[in-house]
Amino acid sequence: MGLTRSLLLPIGLVLFLLAVDAAITMGLVSSMVSFLHHRGRGPFAVAPPDGSPFLLAGLPANLVVNQGHTTNAAAGTALILVGFGGSIALWLERRARKKWDRSSACFYIWAVVVLLSWLLTLVALVYTFVETAKTAGQAVDLAVARANPPPAHYPDGRWTPENWYAAVRGLPLASADQRRVIGGYLTIMRGWRWNLVPMFILGFVLLGLVVLEVLRTRRRDFQRVSMVEVLAEPFKRASV
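Take a look at the structure:
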């Protein structure tokens, strides 16, 4: 049985939830970036129980951040183009249906944007989790760290910010305050990574609803054209 009722209301509700989730993701990523450029740069004082204290640069030599840029792009697209753009597209769609009883071209353009945004979110989700898994399970070698004091950076390994600061937090840091701050920002880093999951799901639900609505309106328009042709057929025969 085909859909007969408009899906614009549920589309609007899911759109609102997606925009909120995308805004949260952007806020978390921005907070992490701010940390990397300020307190996260260190240096951190390390006090091994069996050796003399030394300083460790806050950032490693091989820090991987592209997954953060991709996530920020996906969230920004979902918030600006899909969220704000969708609000305008839905308003124009309702206006076109009420005034001319047809769909707005902007709605179809926005439907394509929804698809592209969801694909970008999928890329960000897969890329982030794969990169995090590939760089997980590492530890900071104290001997290597001691041999590379600031301004040198820890040379070994390849790290995401989340895995790097998890390893740093596992060191015998001299400052309890630095440990607490790192722990707080670790929660933020894990938060934006896992927040990609609901953003992906909401984007998929929105895409499904938009596709169904496009199919419904296309079917309705086709049936309307067919009915007009049927009604016009007797007049065509009479004119012949």
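So the sequence shown is residues -22 to -1, 1 to 218, counted in mature numbering (1 follows the signal peptide of the UniProt record, and there is no 0). Idealized CB from N, CA, C, for every residue including glycine. On a predicted model such as this, the values are computed, not experimentally measured, just so you know.
Other residues of its chain near residue i: CB distance less than 7 Å, five sequence neighbours each side excluded
i, result
"L98", "A51, A52 and T55"
"M4", "N50, A53, G54 and L57"
DSSP state of residue i mapped onto helix, strand, coil
i, result
"A117", "coil"
"V43", "coil"
"L180", "helix"
"F(-7)", "helix"
"A1", "helix"
"L100", "helix"
"L151", "strand"
"R(-18)", "coil"
Residue closest to residue i, alpha-carbon to alpha-carbon, out of the options
i, options, result
"V60", "V91, A39 and L149", "V91"
"R17", "G29, D28, A35 and L6", "A35"
"E140", "D(-2), V43 and D79", "V43"
"V159", "L(-14), R147, W78 and G181", "R147"
"Q45", "A89, V108, L164 and R157", "V108"
"G186", "W137, F(-7) and W96", "W96"
"G(-11)", "G20, R194 and V188", "V188"
"R136", "L33, N40, R(-18) and L(-14)", "N40"
Beta-carbon contacts of residue i that lie in its chain and below 6 Å, excluding the five residues immediately before and after
i, result
"S85", "First, the amino acid is wrong: residue 85 is Phe here, not Ser. Once the five neighbours on either side are set aside, the close Cβ partners of F85 are A67 and E71."
"W170", "T3, L6 and V7"
Sequence-distant residues of its chain with Cβ nearer than 8 Å to residue i (five each side left out)
i, result
"A25", "P31, P150, L151 and A152"
"L120", "V24, P26, G29 and L149"
"R168", "E140"
Residue i at chain B interface by Cβ criterion, 7 Å
i, result
"N40", "Among the protein chains of the structure shown there is no chain B, as only one such chain exists."
Is the number of C-beta pairs between the stretch 4 to 14 and the stretch 69 to 76 that are closer than 8 Å three or more? no
Is it true that the stretch 167 to 181 meets the stretch 101 to 114, where meeting means three or more beta-carbon pairs spaced less than 8 Å apart? yes
At which residue ranges does the stretch 8 to 84 contain complete beta strand (DSSP E) runs of 3 or more residues, listed in the order of the chain? 22 to 24 and 32 to 34
Count the C-beta pairs between the stretch 177 to 184 and the stretch 115 to 133 that are closer than 8 Å, then say yes if the count reaches three, no if not. no
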